[in-house]
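Numbered as in our numbering, the sequence shown ends at 483 without a single skipped number.
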Amino acid sequence: MKNIKIDTEFIDNQLSNNDLNDILGEAWEAFRTLTARTGAGNNFLGWIDLPETIQSQIADIRSDVARLAPEIDTFVVVGIGGSYLGARAAIEALSASQERAAGDESPHILYAGNTLSEDYYWQLMQQLDRCNYALAVISKSGTTTEPAIAFRIIKSHLEHKYGMAEAARRIIAVTDAQQGALHDIALQQGYRSYVIPDNVGGRFSVLSPVGLLPIAMAGHDIGQLVAGARDMRKLCLENSTVDNNPALHYAALRNLLYRKGLPVELLVNFEPALHYVSEWWKQLFGESEGKEGKGILPHSLCYTTDLHSMGQYVQDGRRMLFETVISVEAAHHHVDIPHDEQNLDGLSYLEKKSLTEINHQAERGTVMAHYAGGVPVIRIVLPTLDAYCLGQLLYFFELACGISGYMLRVNPFDQPGVEAYKRNMFQLLGKPGFGR
């Protein structure tokens with residue numbers, strides 16, 4: 048089993064043994080609260096067991112993909128926040144890092160329901176005019192404004208293009224089991240449906256049909272994704288100790304750094320394919336921890352690109368941040384620097400080196416410089432970027448988030464603050480029941 052691991056080489060010297068022992072003990076208590084399901088929000092802990100309980104639905108998801116995928120060239124995922132970010136994180140990571148197998152004609156994935164931009168939808172509808180497409184609409188209630196608007200627009204387009212009956216055959220709903228606007232529409236129209244478990248919040252739902260259906264439709268191996276998550280669950284939950292639980296260690300370290308006056312965490316990668324993993328991570332931790340005037344602010348950068356814009360601030364700016372670097376050991380492809388007789392660019396010293404080797408040295412040089420400049424660095428090391436390792440990483444972050452939230456003494460599984468802007472928006476738009 049190839050596991051991800053935590054490297055603390057560039058943080059150890061800044062923390063005393065007493066600090067570490069105390070924070071690890073506190074993290075262990077938070078972990079026990081989480082796994083005993085006795086803490087705040089314990090009615091939303093179904094995600095802990097998803098790597099085991101979702102197994103029975105993988106065959107159904109693959110069957111729907113086998114039914115629809117050969118007929119279409121495009122699949123639209125309608126959702127926002129946790130209803131789409133997990134799927135997009137996995138799809139972008141695996142699509143960008145791996146070459147499609149010969150004969151793989153998986154649909155191109157488009158996204159809707161995550162913006163209110165009129166120009167975006169005008170362009171999307173122009174594109175869908177030329178596509179042979181189907182869609183998944185993902186919403187627990189069916190009334191979340193952005194995906195509800197998107198679904199109404201795209202559903203109308205689909206029905207005009209293919210007719211009511213064929214449009215219904217091309218729509219898959221992922222929603223509540225018993226109630227809600229989308230549940231009722233799906234029942235009335237006869238859509239194929241999957242259930243969002245009642246005890247799983249959106250930002251923890253990537254290993255449910257919310258994430259697995261779009262990921263499978265994009266041609267990726269959801270069996271391996273779930274296997275990676277299952278093995279990480281086993282590592283962290285079965286016979287776990289303070290010493291052998293990487294999620295606990297990560298939660299402990301980030302909270303210790305927060306208490307030492309570093310309220311900003313930069314999630315850094317050296318692989319552009321991980322951009323949407325960072326976006327998913329920002330929602331996971333930001334929405335879980337940002338409460339009661341508390342919380343580590345999650346931010347992300349993609350190196351080496353962002354070293355040419357934000358590198359100056361990280362190196363010499365205000366000391367209020369720490370970095371967590373996702374480091375990928377092995378690439379899927381090999382590109383050497385070629386020989387050039389004239390060497391006008393002065394790059395001959397790099398000849399015969401692969402880009403992976405150069406990227407690794409850029410990473411190490413960056414980490415060394417930032418550490419020397421007063422920025423602690425946690426490294427999360429992935430053996431490679433494939434479905435199995437990504438499944439490990441996603442579950443690792445989810446478990447660490449639950450532990451970390453309890454260490455902050457907040458409920459990591461609610462999000463009361465997101466309602467404030469909605470009330471104002473509904474009032475301004477004249478929604479019934481919200482006044483003017």
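Backbone N, C-alpha and C fix where the C-beta goes; we use that ideal spot for every residue, glycine too.
Original post:
Of the choices Y418, P256 and A298, whose alpha-carbon is the least far from that of E445?
Top reply: On the sequence shown, residue 445 is found 398 positions in, with the first residue counted as 1. Among Y418, P256 and A298, the Cα nearest to that of E445 belongs to A298.
**OP:** Compute the Euclidean distance between the alpha carbons of F473 and A228, then round it to the nearest angstrom.
**Re:** Counted from its first residue, the sequence shown places residue 473 at position 426. Counted from its first residue, the sequence shown places residue 228 at position 181. One alpha carbon belongs to F473, the other to A228, and they sit about 18 Å apart.
Subject >> Residue of W75, Y167 and S325 minimising C-alpha distance to N291 >> reply: Position 244 of the sequence shown, counted from the first residue, corresponds to residue 291. Considering only alpha carbons, the answer is W75.
Original post:
Which class does H386 belong to by DSSP, given the choice of helix, strand or coil?
Top reply: Taking the sequence shown and counting its residues from 1, the one referred to as residue 386 is at position 339. In this structure, H386 counts as coil in the three-state DSSP scheme.
Original post:
Thinking C-alpha only, which one of G249, G237 and Y180 is nearest K187?
Top reply: Position 140 of the sequence shown, counted from the first residue, corresponds to residue 187. It is G249 whose Cα lies nearest to the Cα of K187.
**OP:** Tell me, to the nearest whole angstrom, how far the beta carbon of V372 is from that of V424; I am working on the premise that it is less than 8 Å.
**Re:** The sequence position of residue 372 within the sequence shown is 325, counting from 1. The sequence position of residue 424 within the sequence shown is 377, counting from 1. Correct: roughly 6 Å between the Cβ atoms.
Subject >> Between the CA atoms of S142 and G132 - distance to the nearest angstrom >> reply: Along the sequence shown, read from residue 1 onward, the residue named residue 132 stands at position 85. Along the sequence shown, read from residue 1 onward, the residue named residue 142 stands at position 95. One detail in the question is off: residue 132 reads as Leu in this sequence, not Gly. Each residue's alpha carbon lies about 15 Å from the other.
**OP:** Tell me the start and end of each unbroken alpha helix (DSSP H) in the region 95-181 that is at least 4 residues and wholly inside, in chain order.
**Re:** 97-100, 102-115, 132-144 and 165-176
Subject >> H407 versus Y350 - alpha carbon distance >> reply: Residue mapping note: residue 407 aligns to position 360 of the sequence shown, counting from 1. Residue mapping note: residue 350 aligns to position 303 of the sequence shown, counting from 1. Going by the C-alpha atoms only, they are around 11 Å apart.
Original post:
Residues in its own chain within less than 8 Å of M415 by CB, not counting five upstream and five downstream?
Top reply: As a first step, residue 415 must be located in the sequence shown, where it is residue number 368. Correct list, in chain order: F57.
**OP:** Would you verify that the beta carbon of H407 is, or is not, closer than 8 Å to some beta carbon of chain D?
**Re:** Checking the listed chains, one finds no chain D in this structure; it contains a single protein chain.
Subject >> Among D223, A409, L441 and P194, nearest to I127 - alpha-carbon criterion >> reply: The residue labelled residue 127 in the question sits at position 80 within the sequence shown. Ranking D223, A409, L441 and P194 by Cα distance to I127 puts P194 first.
Subject >> Closest by C-alpha distance to L437, when choosing among D387, D268 and L234 >> reply: Locating residue 437 in the sequence shown gives position 390, counting from the first residue. Ranking D387, D268 and L234 by Cα distance to L437 puts D268 first.
Original post:
Buried or exposed: N390, going by 16 or more other Cβ atoms within 10 Å of its Cβ?
Top reply: Position 343 of the sequence shown holds residue 390. It counts as exposed.
Original post:
So, R280 versus P459, is the Cβ gap smaller than 8 Å?
Top reply: Start at 1 with the first residue of the sequence shown, and residue 280 comes out as number 233. Start at 1 with the first residue of the sequence shown, and residue 459 comes out as number 412. No, the Cβ-Cβ distance between R280 and P459 is not below 8 Å.
Original post:
What did DSSP end up calling N89 once you bin it into helix, strand or coil?
Top reply: On the sequence shown, position 42 is the one that residue 89 refers to. Helix.
Original post:
Would DSSP call L303 helix, strand or coil?
Top reply: Numbered from its first residue, the sequence shown carries residue 303 at position 256. Three-state DSSP puts L303 in a helix.
**OP:** Could you have a look at K52 and say whether DSSP puts it in helix, strand or coil?
**Re:** Here residue 52 corresponds to residue number 5 of the sequence shown, with the count starting at 1. Three-state DSSP puts K52 in a strand.
Subject >> Assigned exposure category for P256 - 16 Cβ within 10 Å defines buried >> reply: Locating residue 256 in the sequence shown gives position 209, where the first residue counts as 1. Buried, because 16 or more other Cβ atoms sit within 10 Å of the Cβ of P256.
Subject >> Per-residue DSSP class, three states only, for S347 >> reply: Indexing the sequence shown from 1 puts residue 347 at position 300. It is a strand residue.
**OP:** Please check the pair P310 and K329, which I expect to be a contact at CB under 8 Å, by giving their CB distance rounded to whole angstroms.
**Re:** On the sequence shown, position 263 is the one that residue 310 refers to. On the sequence shown, position 282 is the one that residue 329 refers to. Contact flag wrong, Cβ pair sits at about 15 Å.
Subject >> C-alpha distance - L429 paired with G421, whole-angstrom precision >> reply: On the sequence shown, position 382 is the one that residue 429 refers to. On the sequence shown, position 374 is the one that residue 421 refers to. Distance from the CA of L429 to the CA of G421, rounded to the nearest whole angstrom, comes to 25 Å.
**OP:** Using the Cα positions of L81 and T222, report the straight-line distance between them to the nearest angstrom.
**Re:** Along the sequence shown, one-based indexing puts residue 81 at 34. Along the sequence shown, one-based indexing puts residue 222 at 175. Going by the C-alpha atoms only, they are around 26 Å apart.
Original post:
Among I450, P117, E318 and F91, which one has its Cα closest to the Cα of L71?
Top reply: Within the sequence shown, residue 71 is the residue found at index 24, counting from 1. Looking at the Cα atoms, I450 is the closest of the given residues.
**OP:** Pull up the distance between the alpha-carbon of L115 and that of G210, whole angstroms please.
**Re:** As a first step, residue 115 is located in the sequence shown; it is residue number 68 there, counting from the start. As a first step, residue 210 is located in the sequence shown; it is residue number 163 there, counting from the start. Looking at the two C-alpha atoms, the distance is approximately 17 Å.
Original post:
Taking the C-alpha atoms as reference points, what is the distance between I185 and P479?
Top reply: Here residue 185 refers to the residue found at position 138 of the sequence shown. Here residue 479 refers to the residue found at position 432 of the sequence shown. Answer to the nearest angstrom: the Cα atoms are 24 Å apart.
Original post:
Quick one: any contact between the region 116-126 and the region 304-322, if contact means 3 or more CB pairs under 8 Å?
Top reply: no
Subject >> N-terminal and C-terminal residue of the beta strand (DSSP E) that P459 is part of >> reply: Counted from its first residue, the sequence shown places residue 459 at position 412. Unbroken run through P459: none, as it is neither H nor E.
**OP:** Just grab the DSSP bridge partners of N316 for me.
**Re:** Within the sequence shown, numbered from 1, the residue matching residue 316 stands at position 269. Bridge partners of N316: C349 and I373.
Original post:
Residue range of the beta strand (DSSP E) that M200 falls in?
Top reply: The residue you call residue 200 lines up with position 153 of the sequence shown. The sequence given here has Ile at residue 200, not Met. First-last for I200: T192 to Y209, but that is the alpha helix (DSSP H), not the beta strand (DSSP E).
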